[in-house]
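Residue numbers (the working numbering), protein chains in the order written: chain A, 1 to 82; chain B, 83 to 200.
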Amino acid sequence: MSTGARQRPALMHLYWWFLFSQGGVIAALLIPVHVLIQGILGPLGVVRVVDRHYDTWVQVLGNPIVKLYLLVLIAGGRMAMM
Amino acid sequence: MPAGWWTRKRHYFLYVVREFTALPLALWLLWLLVEIKRAGDGPARYSPHGSTAFVVFSVIVLLFALYHSVTFLSLTGVIIRVKLFDRPLPSGLISLAMFVLWAVASVVIGFVLIWFGR
Numbered sequence: 001m002s003t004g005a006r007q008r009p010a011l012m013h014l015y016w017w018f019l020f021s022q023g024g025v026i027a028a029l030l031i032p033v034h035v036l037i038q039g040i041l042g043p044l045g046v047v048r049v050v051d052r053h054y055d056t057w058v059q060v061l062g063n064p065i066v067k068l069y070l071l072v073l074i075a076g077g078r079m080a081m082m
Numbered sequence: 083m084p085a086g087w088w089t090r091k092r093h094y095f096l097y098v099v100r101e102f103t104a105l106p107l108a109l110w111l112l113w114l115l116v117e118i119k120r121a122g123d124g125p126a127r128y129s130p131h132g133s134t135a136f137v138v139f140s141v142i143v144l145l146f147a148l149y150h151s152v153t154f155l156s157l158t159g160v161i162i163r164v165k166l167f168d169r170p171l172p173s174g175l176i177s178l179a180m181f182v183l184w185a186v187a188s189v190v191i192g193f194v195l196i197w198f199g200r
C-alpha cells in the first residue's frame, strides 16, 4: 500500500489566523468603551476621565498592569488590521 | 470582477463596510498612542485631545466600532464550537456569553477610566 506524501499541519496558518482572530476579539471587546469615554464623554466634560489631567494620566500609565493592558489593546487593535 | 461589485447588493456593501471598520479603529488607537506619548513630555506641555473635530471623529469611529463588535461577537456562535457532555452548546448561547463578556469588560474599563479621573 502506497503511503504517498503525508500532509503536514499548516502551523503558520494557525499562527497567523490566531493572531488575526485574537486582534478581532480584542478590538470588539475593548475599543468601543475607550472611544466612548476618552473620545466623547471626557472631552465633552460629561464625566471625569483619567486622561484629562497630566497627574492622573501619568499615575495610571505608571501602573504595570495598565502598561500590559495597553500593549494588548494597541497591539491587538493593529493585528485586526492584518 | 468589476471594481464596483460590492455596491451592487446591500449585503455585499455591508460586508465591505465591516471589513473597513479596522481602519478607523486603528486611526483612533493612533490618537491614543499620541496621548500616551504626550504624557512623557512633562506636565507643562500636556494637553489631552479635546477639540470638536476630535469628538466628531470619535463619534464616527464609535459607530464603526459598535458595528465591528456586534457583527464579530454575533459570528462567534458560528465559529466557536464548545462541547459539554458530548453535546455541542447552542451557538446562541456562545454569542450571548461573548456579549456578556463585552458588557463586563466595558464596565470594568469604564470604571477605571472614570474612577481615577478628576
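Glycine included, C-beta positions come from ideal geometry on N, C-alpha and C. Predicted model only: the values in this text are computed from it and were never measured.
With a cutoff of 8 angstroms on beta-carbon distance, H150/B and R92/B are scored as not near each other. Residues of chain A with a Cβ closer than 8 angstroms to the Cβ of Y97/B do not exist; the shortest Cβ-Cβ separation is about 15 angstroms.
Contact note: Y128/B reaches chain A through Y54, using a C-beta cutoff of 7 angstroms and chain order. With contacts defined as CB atoms closer than 8 angstroms, I118/B and H34/A fail to qualify as a contacting pair. Along the segment 115-145 of chain B, going in chain order, the ones with a CB nearer than 7 angstroms to a CB of chain A are L115, E117, I118, A121, P125, Y128, P130, H131, G132, F136, V137, S140, V141, V143 and L144. Within the DSSP bridge table, the entry for P170/B names K165/B as partners. When Cβ-Cβ separations below 8 angstroms define contact, R200/B makes contact with chain A. At a C-beta separation below 8 angstroms, G174/B has no neighbours in chain A, since its nearest C-beta there lies roughly 18 angstroms away. A straight-line Cα-Cα distance of about 36 angstroms links P43/A and W88/B. For P106/B, the enclosing alpha helix (DSSP H) starts and ends at A104 to A121.
For I26/A, same chain residues with a beta-carbon under 8 angstroms away, outside a window of 5 residues either side, are V72, L73, G76, G77, M79 and A80 in chain order. Residue environment for W57/A: buried (at least 16 other C-beta atoms within 10 angstroms of its C-beta).
Under a criterion of Cβ atoms nearer than 8 angstroms, no residue of chain B is adjacent to A10/A; the nearest Cβ is some 18 angstroms distant.
Closer than 8 angstroms to the CB of L171/B there is not a single CB belonging to chain A. H13/A is classed as exposed because its beta carbon has fewer than 16 other beta carbons within 10 Å across all chains shown. At a cut-off of 8 angstroms, the C-beta of G192/B has a neighbouring C-beta in chain A.
Relative to Q59/A, the option among A185/B, L109/B, L195/B and I142/B whose CA is nearest is L195/B.
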